[in-house]
Amino acid sequence: MKNNLLFDFTVDKGSKTVLVTKEFDAELSLVWDAFTKQEILDQWWAPKPYLSKTKYMNFTIGGQRFYAMVSADGQEMGWQIQKYTSISPKTNFKYFSAFADKDENLFLPGSDWDFTFSEANEKTKVSITIKNDSLERMEKMIEMGFTEGFKATLNYLDEVLVALSKK
275 MKNNLLFDFT
285 VDKGSKTVLV
295 TKEFDAELSL
305 VWDAFTKQEI
315 LDQWWAPKPY
325 LSKTKYMNFT
335 IGGQRFYAMV
345 SADGQEMGWQ
355 IQKYTSISPK
365 TNFKYFSAFA
375 DKDENLFLPG
385 SDWDFTFSEA
395 NEKTKVSITI
405 KNDSLERMEK
415 MIEMGFTEGF
425 KATLNYLDEV
435 LVALSKK
């Protein structure tokens with residue numbers, strides 16, 4: 275694995291936006307799959323020691339992913355719904371994300387996520403823009419450890435990609 279991979283994480287409270295740019299030492303199609311296929315997402319989309327558990331996922335425009343973070347003792351928490359609003363295969367997808375309860379009742383406001391994928395020099399770059407509907411929600415997420423958790427989660431994806439590329 276290459277150690278000189280770009281990883282930039284910026285919180286801009288003025289625009290209620292989080293900007294993340296991360297390079298992965300993997301081909302674009304594998305990185306795309308890691309972000310868009312349930313069986314791979316559940317391997318890494320939660321900071322350790324939590325796991326991600328998807329109840330259902332339909333990666334189509336208008337489709338949704340409904341999932342929870344699961345603690346080491348099996349406690350399901352942090353339910354979220356992601357509603358896919360745009361998909362351009364292997365280059366970009368967008369969704370609206372909101373916390374929810376286990377019965378899919380949304381806790382608004384939410385946030386709009388925009389993922390852009392590109393490949394150069396045998397690396398794949400993913401740029402993520404997270405636009406929050408309210409500054410209060412964004413600050414609450416940050417207080418709950420979002421910055422550290424999301425950084426750790428994206429770094430863990432490096433390990434998952436290495437394992438998947440060996441298959």
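The sequence shown begins at 275 in our numbering and counts up by one. Ideal Cβ positions, reconstructed from N, Cα and C, are used throughout, including at glycine. Quick caveat: nothing in here was measured; it's all calculated off a predicted structure.
Every alpha helix (DSSP H) stretch that sits fully inside the region 312–365 and reaches 4 residues is listed by chain position as 312–318. Contact between D386 and F370 holds: CB atoms are separated by about 6 Å, below the 8 Å threshold.
Remark: three or more beta-carbon pairs, one from each stretch, lie closer than 8 Å, so the region 416–425 and the region 282–295 are flagged as touching. Comparing alpha carbon positions, the residue from M412, I361, F367, K329 closest to D375 is K329.
Here K296 is actually not in contact with M412; their C-beta atoms are around 20 Å apart, not less than 8 Å. Runs of beta strand (DSSP E) with 3 or more residues, each lying fully within the region 392–440, are found at 397–406, listed in chain order. Distance between W306 and F391, taken at the CA atoms: about 7 Å. Cβ neighbours of T427 within its own chain (closer than 8 Å, five residues either side excluded): W318, W319, A320, P321.
For the pair G384 and P323, the Cα-to-Cα distance works out to about 25 Å.
Around the beta carbon of L435, 16 or more other beta carbons sit within 10 angstroms, so the residue counts as buried. A check of alpha carbon separations from F298 across A394, E417, K440 identifies A394 as the nearest. A direct Cα-Cα distance of roughly 8 Å separates D388 from S401.
K296 carries a strand assignment under DSSP once its states are collapsed to helix, strand and coil. Following the DSSP letters along the chain, one finds D286 in no alpha helix (DSSP H) but inside the beta strand (DSSP E) bounded by residues 281–286.
Excluding residues up to 5 positions away in sequence, E297, S392 lie with their Cβ nearer than 6 Å to the Cβ of K399 in the same chain.
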